[in-house]
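Chemist: Encoded as structure tokens, here's the structure I'll be asking about.
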Amino acid sequence: MVYFNLYPQKYYSASDFGIETVKSNIDKDNDGIDDYTDILLSAREYLLTKPKYKCLFYEGGYPPDGEGMCTDVIWRAFEGAGYSLKEMIDADIDQNTGAYPGVNGRPNPDIDFRRIRNLYAFFKRNAISMPLDIDQTDQWQPGDIVVLNSHIAIISDKRDKNGVPFILHHAGQPVVEENALWRYEIVGHFRWPDIDL
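Its first residue numbered 4, the sequence shown is counted upward by one per residue in the working numbering.
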């Protein structure tokens, strides 16, 4: 049962390990909260609504409230910080279609921003690439994006006893903020640029 994290998990903060939490100098939505913290808090807020896991196609792109999958955590986290991830991805695909093998040369704004392959390509092109090694604990910061094998998540401000961060994610599991980073093959680790775009 521990594998499924059904029991309360003890967690630690960055300060318990002498790790300084990185803050963004940008507050895109002017709410008094830096972008990295906004991304973290917005992901958590969305997941606390307990959306039902549904991997479906929706006309217009956005799923209705109460439904979603792992990629919906990402755009909702960015939306909470003042960014339209859909608009940014659609524009980048339009201008650089060849950089997105997941669209097969035929962009589809109704789904492109909700595909892991496209998010991976977008963040590789537009975000700061960070180390993949989870033992470099100071390099993993709240609000970072982690692309996993067939999955994607936001890095939490909670950490395990070794300083490895929890992840905020949605795969239909009962606990959505959990000590689970070690379970996955890490494909990419990104931090949104600390510049006003």
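Where is the CB? At the ideal position from N, CA and C, for every residue including glycine.
1. Along the alpha helix (DSSP H) that carries arginine 47, what are the first and last residues, could you check?
2. From leucine 51 to lysine 161, what does the alpha carbon distance come to, in whole angstroms?
3. Between proline 168 and proline 104, what straight-line distance do the alpha-carbon atoms span, to the nearest angstrom?
4. With burial defined as no fewer than 16 other Cβ atoms inside 10 Å of the residue's Cβ, what is the status of glutamate 181: buried or exposed?
5. Going along the chain, which residues of its own chain have a beta-carbon closer than 6 angstroms to the beta-carbon of valine 5, five neighbours each way excluded?
6. What residue does the beta strand (DSSP E) around valine 149 start on, and which one ends it?
7. Can you check DSSP and say which residues form a bridge with alanine 156?
8. Please state whether DSSP places glutamate 70 in a helix, a strand or coil.
Modeler: Judging by the given coordinates:
1. Indexing the sequence shown from 1 puts residue 47 at position 44. 38-50 is the span of the alpha helix (DSSP H), which, as asked, contains arginine 47.
2. As a working note, residue 51 is residue 48 in the sequence shown. As a working note, residue 161 is residue 158 in the sequence shown. So the alpha carbons of these two residues sit roughly 16 angstroms apart.
3. Taking the sequence shown and counting its residues from 1, the one referred to as residue 168 is at position 165. Taking the sequence shown and counting its residues from 1, the one referred to as residue 104 is at position 101. One Cα belongs to proline 168, the other to proline 104, and the distance between them is close to 30 angstroms.
4. The sequence position of residue 181 within the sequence shown is 178, counting from 1. Buried is the call here.
5. For the purposes of this step, residue 5 is identified with residue 2 of the sequence shown, where counting begins at 1. Interpretation of valine 5 is limited by its pLDDT of 40, a score under 50 that renders its predicted location unreliable; no figure is taken from the coordinates.
6. In the sequence shown, residue 149 corresponds to position 146, counting from 1. 148-151 is the span of the beta strand (DSSP E), which, as asked, contains valine 149.
7. Taking the first residue of the sequence shown as position 1, residue 156 is located at position 153. Answer is Val149, bridged to alanine 156.
8. Taking the first residue of the sequence shown as position 1, residue 70 is located at position 67. Three-state DSSP puts glutamate 70 in a strand.
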